[in-house]
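Right, one structure below, let's go through it.
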Amino acid sequence: MKIAFIGLGNMGGPMAMNLLKAGHTVSAFDLSAEARNRFATDGLPIAASAVATLEGAEVVVSMLPASAHVEGLYLGSDGQPGILEKIAPGTLVIDSSTIAAATSRKVAEAAAKRGVAVIDAPVSGGTGGAIAGTLTFMVGGSEADLERARPVLEKMGANIFHAGAAGAGQTAKICNNMLLGVLMIGTSEAIALGVANGLDPKVLSEIMRRSSGGNWALEKYNPLPGVMETAPASKNYAGGFGTDLMLKDLGLAQENAAAVRAATPLGGLARSLYAAHSLAGHGALDFSSVIKLVQKP
């Protein structure tokens, strides 16, 4: 299958490589020369532009930073046309960016008028999951379009969920990430409290992990350095999922909540705390570094 892949960041690049390794014909592009060169070195075919990736493509996959980038790519911006005008009718578009559900619906509606199918398929699993091909996809779109996409998604992920109609994948993603952001702060508070009282953080973490407070952070992503060797906390909070990315997703959750008049007080507080953490100069660090806000000096 000929696949156009646009967006070769920490997530998109490995995803494109997995499609290539699976035997698909991939043509990829990113605005960043550094990203293009990095994956070209690994053998990924790089096109001269986003439009150039489309030649003969049966499927288009995009993984971009924010709503404005996705809307600009497909629908155009600043007087420049989007690539939707160049995508052949009958093509399937899989957008794995984490963006506003309203933007996903806008792109899908515009594409439908041109005979192009679009599904929103944001992911969970981080850079490790992108590299290993074990991502979880949360899909918004029709059942028929999901089934068309499934052979492609299966080469990049281990779990595929149909969340509902267009935009539903994005809503599921922000619900998940809002919960993740909140639970990381709660886990950080509990560990910091225990350490302040002289408890061994490894012992405390194991007690909580096996008790009613057990959660994903305690299982796989402990926020305190030295407790879990494989966690970003033990690697100076490098890699993983950045604070600024968490802040973006919490912002999307708050925008969505306001639009449907849903009460998300903890989500709002979490956004404020991650914003303060980012303003303190930690935006590029993994989001688990939020424990720095509650640790005793």
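Residues in the sequence shown are numbered consecutively from 1, following the UniProt record's numbering. Where a beta carbon is used, it is the ideal one built from N, C-alpha and C, also for glycine.
Please determine, among the options, the residue with the shortest C-alpha to C-alpha distance to residue i.
i: aspartate 244; options: Leu193, Ala108, Arg271, Ala172; result: Arg271
i: proline 297; options: Val195, Leu279, Gly283, Thr98; result: Val195
i: leucine 218; options: Met208, Leu180, Ser212, Pro225; result: Met208
i: aspartate 95; options: Val290, Gly12, His277; result: Gly12
i: lysine 2; options: Gly283, Gly141, Pro151, Gly133; result: Pro151
i: valine 70; options: Glu34, Ala110, Glu58; result: Ala110
i: serine 97; options: Gly141, Ser67, Gly23; result: Ser67
i: glutamine 295; options: Leu250, Gly198, Ser212; result: Gly198
i: glutamine 254; options: Lys113, Ala130, Leu279, Ala100; result: Ala100
i: glutamate 147; options: Gly128, Asn18, Arg261, Ala117; result: Ala117
i: arginine 38; options: Leu54, Pro14, Asp200, His24; result: Pro14
i: alanine 108; options: Leu75, His24, Ala233, Gly125; result: Leu75
i: arginine 114; options: Ala132, Ile87, Ile131; result: Ile87
i: aspartate 145; options: Gly125, Gly226, Ile131, Ala166; result: Ala166
i: alanine 262; options: Glu229, Gly240, Cys175; result: Cys175
i: serine 142; options: Gly23, Phe161, Ala132; result: Phe161
i: proline 201; options: Pro223, Ser124, Gly181; result: Pro223
Strictly by DSSP, which residues pair up with residue i?
i: serine 77; result: Gln80
i: isoleucine 6; result: Phe29, Ser62
i: serine 104; result: Bridge partners of serine 104: none, in fact.
i: valine 93; result: Val60, Val118
i: isoleucine 286; result: Per the sequence shown, residue 286 should be read as aspartate rather than isoleucine. Answer is Gly242.
i: valine 123; result: Phe137
i: isoleucine 46; result: Ala28
Got a sec, what are the start and stop residues for the beta strand (DSSP E) residue i sits in?
i: isoleucine 160; result: 157–164
i: glycine 140; result: 135–140
When the distance is taken between beta carbons, is residue j closer than 7 Å to residue i?
i: valine 139; j: glycine 169; result: yes
i: isoleucine 83; j: alanine 121; result: no
i: threonine 264; j: alanine 258; result: no
i: serine 62; j: isoleucine 6; result: yes
i: alanine 275; j: leucine 252; result: no
i: glycine 268; j: methionine 178; result: no
i: threonine 171; j: asparagine 10; result: no
i: alanine 28; j: leucine 8; result: yes
i: isoleucine 191; j: leucine 273; result: no
i: valine 260; j: histidine 277; result: no
i: alanine 112; j: valine 60; result: no
i: leucine 183; j: asparagine 215; result: yes
i: isoleucine 119; j: alanine 149; result: yes
i: histidine 225; j: alanine 238; result: The question names histidine, yet the displayed sequence has proline at residue 225. For proline 225 and alanine 238, no; Cβs fall outside 7 Å.
i: alanine 33; j: valine 26; result: no
In terms of residue numbering, what span does the alpha helix (DSSP H) encompassing residue i cover?
i: glycine 126; result: 126–132
i: glutamate 189; result: 168–196
i: serine 205; result: 201–209
i: methionine 1; result: Looking at the DSSP string, methionine 1 is not in any alpha helix (DSSP H), and its letter there is neither H nor E.
i: aspartate 145; result: 143–153
i: alanine 217; result: 216–220
i: leucine 21; result: The amino acid at residue 21 is misidentified as leucine; the sequence shows lysine. Run containing lysine 21: 12–21, per the alpha helix (DSSP H) assignment.
i: alanine 276; result: 265–277
Check whether the Cβ of residue i lies closer than 7 Å to any Cβ atom in chain B.
i: alanine 165; result: Here chain B cannot be found, since the structure has a single protein chain.
Check whether the region 102–115 and the region 46–56 touch, using three or more Cβ-Cβ pairs below 8 Å as the test.
With a cut-off of 8 Å, the region 46–56 and the region 102–115 do not count as touching, because too few Cβ pairs lie within range.
For the region 139–157 against the region 210–227, are there 3 or more C-beta pairs whose distance is under 8 Å?
no
Decide yes or no for the touch test of the region 282–290 against the region 130–148: beta carbon pairs closer than 8 Å, at least 3 of them.
Per the Cβ contact rule, the region 282–290 is not in contact with the region 130–148 (fewer than 3 Cβ pairs under 8 Å).
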